Amino acid sequence: MSTLTLVLGTLVAIEFFYIFYLETIATASSSTSRVFRMLKDELTRDSVSVLFKNQGVYNGLIGVGLLYGLYLSPNPVEIVTMILLYIILVALYGSITSDKKIILTQGGLAILTLISMFMS
56 MSTLTLVLGT LVAIEFFYIF YLETIATASS STSRVFRMLK DELTRDSVSV
106 LFKNQGVYNG LIGVGLLYGL YLSPNPVEIV TMILLYIILV ALYGSITSDK
156 KIILTQGGLA ILTLISMFMS
């Protein structure tokens, strides 16, 4: 795997750890409110908080899986490709159902990483 792919893939993992932080640890913060364009009052509701924390754990595990695939897996191309495709498909779904920018904000780096994998 090329150095560019490792760097881009690591940045994707960091992005998902940041999402994990926002959703699971800083659920009702100003940063979370700004990133997800939700009022802080809404983020403090128990039902929203529980959903965010649950979703955050999934995002954190995506980051862990990606780092495992990049640095530890005996089959890095297979694992990293699968995780990147998952990220891209979820971003595509989000851009269709929520905000068109999600394909770039959540999926853009993953798309570049996938391209770099197959260009090297």
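Numbering (the numbering used here), first residue to last: 56 to 175.
We put the CB at the ideal spot given by N, CA and C, even for glycine.
Note that the coordinates shown come from a computational prediction; the quantities given were computed from them, not determined experimentally.
For GLY163, the closest of THR58, PRO131, PHE71 by C-alpha to C-alpha distance is PHE71.
Linking GLY115 to LEU98 through their CA atoms gives a straight-line distance of about 19 Å.
At least 9 Å separates the beta-carbon of SER102 from that of ALA83.
Going by beta carbons, GLY120 and PRO131 fall outside the 9 Å limit. Our two residues, LYS155 and GLN161, have alpha carbons roughly 11 Å apart in a direct line. Annotation: the segment 130-167 contains the following complete segments of the alpha helix (DSSP H) (minimum length 4 residues), in chain order: 131-152, 157-160. For LEU169, the three-state secondary structure derived from DSSP is helix. Here DSSP, grouped into helix, strand and coil, assigns ARG100 to coil.
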